[in-house]
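Residue numbering for the sequence shown follows the UniProt record's numbering, starting at 1 and increasing by one per position. These notes are about the structure you will find just below.
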Amino acid sequence: MKTMVLGPTFEAVASVPWSFVAYGVLSLALLWQAGRLLNQLWWRPRRLERVLRSQGLRGTLYRFPAGDLGDYARLNKEAWLKPLPLRCHDISARVAPFLDKNVREHGKTALSWFGPTPKVTIIDAEVTKDVMSNKFGHFEKLKFPELAKLLGGGLAGHEGEKWVKHRRILNPAFHLEKLKRMLPAFSSCCEDMVSRWVELLGTDGYCELDVWPELQDLTGDVISRTAFSSSYQEGRRIFKLQAEQAERVISNMGKMIIPGYMSLPTENNRKMRQANKELESILRDIIGRRVEAMRQGEGIKDDLLGMLLESNMSETDGDGQAGMGMTIEEVIDECKVFYFAGMETTSVLLTWTMIVLGMHPEWQDRAREEVLSLFGKDKPDYEGLSRLKMMTMILYEVLRLYPPGTLLVRKTYKEMEIGGVTYPASVMIELPVLFLHHDPDIWGNDVHEFRPDRFADGISKASNGTLAFFPFGWGPRICIGQNFALFEAKMVLSMILQRFEFEVASSYTHAPHTVMAMHPMHGAQIKLKIFIWNGMLPVARSGPWTGLMVEGQFLNNTSVIYYRSVISNEEEIYATYSLPDGAAPTRTQLTYNGEYQVESWRSSQWTILAKWPNNKGCNLYGYCGPNGYCDNTLAYPMCNCLNGFQPTSLEEWNKGRFTQGCRRKEALGCDDGFLSLPGMKSPDKFILVANRSFTECAAECSSNCSCVAYAYANLSTSRIKGDPTRCLVWTGDLIDTEKREDDGFSETLYLRIAGLDAGTWKKTRALKIALLTVLVSSILSGIFLACYKFKGTMKRTRRKKLLFYGMSTSEEPGEGNSAQDFEFPFFSLDDIVAATNNFSEACKIGQGGFGKVYKVWNMWNEGKSKDLADPSIADTSLLDEVLLCNHIALLCIQENPDERPLMSSVVFALENGSNTLPAPNQPAYFGQRSNEMMQLRENIQNSINIVTMTAVEGR
């Protein structure tokens with residue numbers, strides 16, 4: 001009966017065409033796949049969203065099918081178009097704009113969507129430690145198997161027992177005792193780089209360099225040497241291949257998360273597979289040779305591969321038999337990770353450290369002082385590196401502000417409770433290290449300021465008692481190579497600081513952004529420079545170039561003028577030195593004690609004609625301490641405090657010990673104004689801000705509360721291309737400042753003064769200057785008339801052109817250009833004859849009862865100086881101020897030029913008053929000239945680079 005029933009059934013089935021069966025099976029498979037895809041892209045995300053929102057989580061809504069990926073890309077593109085201001089360390093909105101926006105709108109626990117996968121961002125230090133410390137596998141790392149195969153997954157990608165085994169095998173290679181063996185490799189690689197940088201320096205001791213690729217190459221060299229030692233050249237090839245792989249991954253990151261994309265036969269995928277094949281072939285050959293040598297009884301090499309293989313060979317299996325703990329393929333995978341993690345993390349840390357120290361030269365100085373105190377110019381050693389407290393604090397602060405890895409991401413393996421919220425399986429937990437490191441609730445209101453001293457008492461006290469510092473992760477899976485990275489960074493920075501001072505170049509754009517780690521988007525352009533060193537300390541420093549094009553200097557005890565000209569053309573700017581014809585052989589040299597000397601060949605030996613610094617105490621670098629300055633306008637240069645400052649220790653200052661410098665009398669406020677100090681050599685440790693007008697330069701400083709001073713110059717000429725402006729700003733102590741004569745090397749320093757209204761002078765100071773101006777202008781008008789009488793007589797016999805001592809770039813002599821030749825105008829002799837009544841004795845200035853000079857001088861001698869006060873100002877001015885102005889005015893017009901005070905002394909007396917001014921002597925009748933000097937100048941042959949100078953000493 002059954003046979004009879006089934007028979008027709010099988011016959012019916014057999015009669016159905018096989019094509020229908022195939023189509024039916026295919027349709028069922030497609031429906032099943034479509035159902036899976038629909039569940040993955042719609043039902044499952046909607047279900048998880050309901051569960052999370054029901055517990056009070058806020059965030060973005062799920063959008064089919066890509067979630068928030070579109071907003072990620074759009075906001076990144078917008079943010080990355082806008083660079084940050086220099087010295088701005090509030091980088092979260094630029095580095096992670098979507099995350100920043102989401103947290104601002106929805107709080108420190110916020111929901112978003114990585115494609116169809118829900119992602120919960122949690123900015124909480126305690127939650128971060130709980131998640132990262134979990135030992136039961138409830139939180140797993142995200143897996144990208146195709147990327148791991150190309151770049152190496154290694155220890156970082158393993159879970160469970162496999163991770164435990166690999167960590168146990170790798171740990172011995174990264175013990176501190178093993179790191180000691182690697183220091184020679186660190187030192188050798190860094191010495192190669194530093195030596196190459198020295199060769200790049202120009203004749204002025206400067207060079208501009210993008211240190212980002214330089215430091216990438218350095219850390220790649222270090223990994224090559226420390227991982228493979230004798231196989232260093234093969235290691236270099238591995239590094240190159242792995243670097244190329246990383247670049248291709250970065251450039252195609254957005255496509256690689258698409259399922260199946262890596263299997264497509266694209267050109268990029270093909271090149272990545274070829275590079276991976278070559279890389280694995282090289283590694284397999286190196287490892288095979290090492291393993292065979294170890295089996296033959298050869299010694300273990302002191303490199304990472306040797307220590308890894310040694311630890312691996314000693315690993316035992318469950319039966320207690322010795323055997324390979326890791327396969328050759330797994331060892332190859334770990335070697336790949338050596339390169340990518342070791343090179344990337346350390347190069348990023350070093351790059352941001354140099355950028356930040358270039359922005360904050362005061363901390364660079366402190367780091368250098370520590371390095372020099374421990375090592376001098378010797379190579380750093382392990383014990384010294386371990387004692388670098390200041391540098392450790394600086395590295396920690398850089399890691400806090402610019403962590404190489406900005407995020408820690410885990411995924412729930414099963415339902416888990418975190419911070420009172422129950423999370424289903426397969427939810428991404430995002431722990432943003434960058435935001436934890438920039439959280440004012442943890443680090444305080446100065447969270448965005450570079451303050452390494454916050455780590456002076458340890459990490460926990462730096463973060464208000466909360467452990468919230470995660471640059472290398474946390475818990476059992478903390479980065480195994482963190483000690484390696486920090487020791488390498490300390491070695492490299494120590495050797496750089498021993499040789500160079502550096503600052504951020506004007507071409508640098510502050511644009512941090514994250515791809516796989518936080519990189520400088522447009523490079524890290526740094527300006528390197530070398531000081532004149534005396535042992536471990538700088539000897540002297542010239543100020544920044546002020547645009548002086550030509551100068552002349554008389555050499556001691558000679559009849560020779562030594563000329564320097566600055567030549568600029570379309571390709572370069574350089575200085576030339578020249579002597580007049582017939583001068584003795586002359587040379588310049590830098591001595592071992594740091595003196596720059598000009599020497600002449602006389603009596604069969606070299607005689608010193610001039611030297612710099614000139615042994616006048618406060619001309620040495622930083623002699624007057626922070627915020628002090630050397631007053632070179634005095635006959636005997638001495639240290640003074642800048643306006644608004646007073647000696648830090650009056651007792652030490654009075655003993656002639658100035659190293660402690662000066663401190664502010666009052667704390668600065670953001671609304672305080674700036675006092676102009678002309679004739680200054682600008683302090684050291686400035687920051688150059690490019691492409692600024694004078695007004696913009698002033699605004700750059702006044703809008704920044706931490707800016708204490710600025711200086712500006714426009715160095716443009718018709719032949720210089722590019723940005724000719726030079727805006728310098730200072731944010732810390734003012735070091736190595738001088739007050740100079742107006743010799744072309746000085747400029748105006750604008751100093752922020754507590755209590756000074758922006759853009760105004762104090763009333764009393766303005767009044768004093770007004771009084772002096774009225775009095776001196778009337779006195780000098782007669783004096784200049786007498787001077788021009790003398791000049792007119794000279795003009796009848798020989799017409800000479802009077803030029804400035806030093807000419808700036810905007811004042812360059814132009815042939816046939818009267819506006820640029822600086823010829824002073826002369827009164828005609830007829831005018832002078834008429835004004836003096838044919839040079840009548842009654843019209844002599846200062847004699848015969850004629851002119852204001854005689855009247856003032858006569859009343860002073862008769863003790864009637866109080867009668868000089870104008871009744872119109874009696875109600876608004878103190879009599880003492882009027883008498884002081886008259887006294888100073890008479891001192892300024894004394895007959896002997898050597899007895900007249902310098903203008904700096906005049907300003908000082910007006911500002912502070914004086915009870916010790918000398919009595920004035922007879923006023924001048926005419927200007928005195930030196931016949932010997934005139935004769936000397938007549939004998940000099942002029943050239944295009946020589947300046948003709950005429951000294952008029954009458955006032």
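Note that beta-carbon positions come from the ideal geometry of N, C-alpha and C, so glycine has one too. Every value quoted in this text rests on a predicted model; they were computed, and no experiment measured them.
Cα separation between residue i and residue j?
i	j	result
Gly419	Thr412	14 Å
Lys82	Arg657	49 Å
Ile442	Leu431	15 Å
Ile893	Trp857	10 Å
Met428	Leu48	12 Å
Glu747	Tyr712	8 Å
Glu879	Lys739	One detail in the question is off: residue 879 reads as Leu in this sequence, not Glu. Going by the C-alpha atoms only, they are around 31 Å apart.
Ala919	Trp860	10 Å
Met359	Arg87	6 Å
Arg181	Pro512	35 Å
Ala698	Glu571	31 Å
Phe469	Ser494	24 Å
Tyr339	Ala275	15 Å
Trp43	Leu61	14 Å
Thr466	Lys685	35 Å
Leu388	Leu218	22 Å
Gln482	Ala341	10 Å
residue 959	Gly744	Since the displayed the chain opens at 1 and closes at 955, residue 959 lies outside it and no answer follows.
If you reduce the DSSP assignment to three classes, tell me which class residue i lands in.
i	result
Cys727	strand
Lys739	strand
Gln296	coil
Thr346	helix
Glu234	helix
Ser133	helix
Arg499	helix
Val120	strand
His89	coil
Val566	strand
Ser112	strand
Ala468	coil
Ala711	strand
Leu75	helix
Less than 8 Å between the beta carbons of residue i and residue j, yes or no?
i	j	result
Cys662	Cys641	yes
Asn619	Pro613	yes
Ile526	Leu201	no
Glu126	Arg410	no
Val539	Tyr623	no
Val504	Ile687	yes
Leu677	Leu749	yes
Trp474	Thr128	yes
Tyr423	Glu415	yes
Met391	Lys461	no
Is residue i close to the ligand ATP? I mean its beta-carbon at under 7 Å from any heavy atom of the ligand.
i	result
Trp212	Questions concerning the ligand ATP fall outside what the structure shown contains, since it holds no ligand whatsoever.
Go ahead and label residue i buried or exposed: buried means 16 or more other beta carbons lie within 10 angstroms of its beta carbon, across all protein chains shown.
i	result
Leu309	buried
Glu214	buried
Val689	buried
residue 957	The shown model of the chain, from 1 to 955, leaves out residue 957, and the question about it has no answer.
Glu330	buried
His175	exposed
Gln33	exposed
Leu38	exposed
Glu666	exposed
- Inspect the CB distances between the stretch 115-128 and the stretch 65-76 and report whether three or more fall short of 8 Å. The stretch 65-76 and the stretch 115-128 touch, with three or more beta-carbon pairs separated by less than 8 Å.
- Please determine if the stretch 668-675 and the stretch 342-356 are in contact, where contact requires at least 3 C-beta pairs separated by less than 8 Å. no
- Item | Segment contact, 8 Å Cβ cut-off, at least three pairs: the stretch 450-457 with the stretch 396-403 | yes
- Message: Can you confirm whether the stretch 506-525 touches the stretch 207-224 when touching is taken to mean that 3 or more C-beta pairs between the two stretches lie within less than 8 Å?
- Response: yes
- Count the CB pairs spanning the stretch 264-271 and the stretch 355-370 that are closer than 8 Å, and state whether there are at least three. no
- Message: Count Cβ pairs between the stretch 221-230 and the stretch 188-197 that sit closer than 8 Å; are there 3 or more?
- Response: yes
- Hey, is the stretch 25-39 in contact with the stretch 88-106, meaning 3+ C-beta pairs nearer than 8 Å? no
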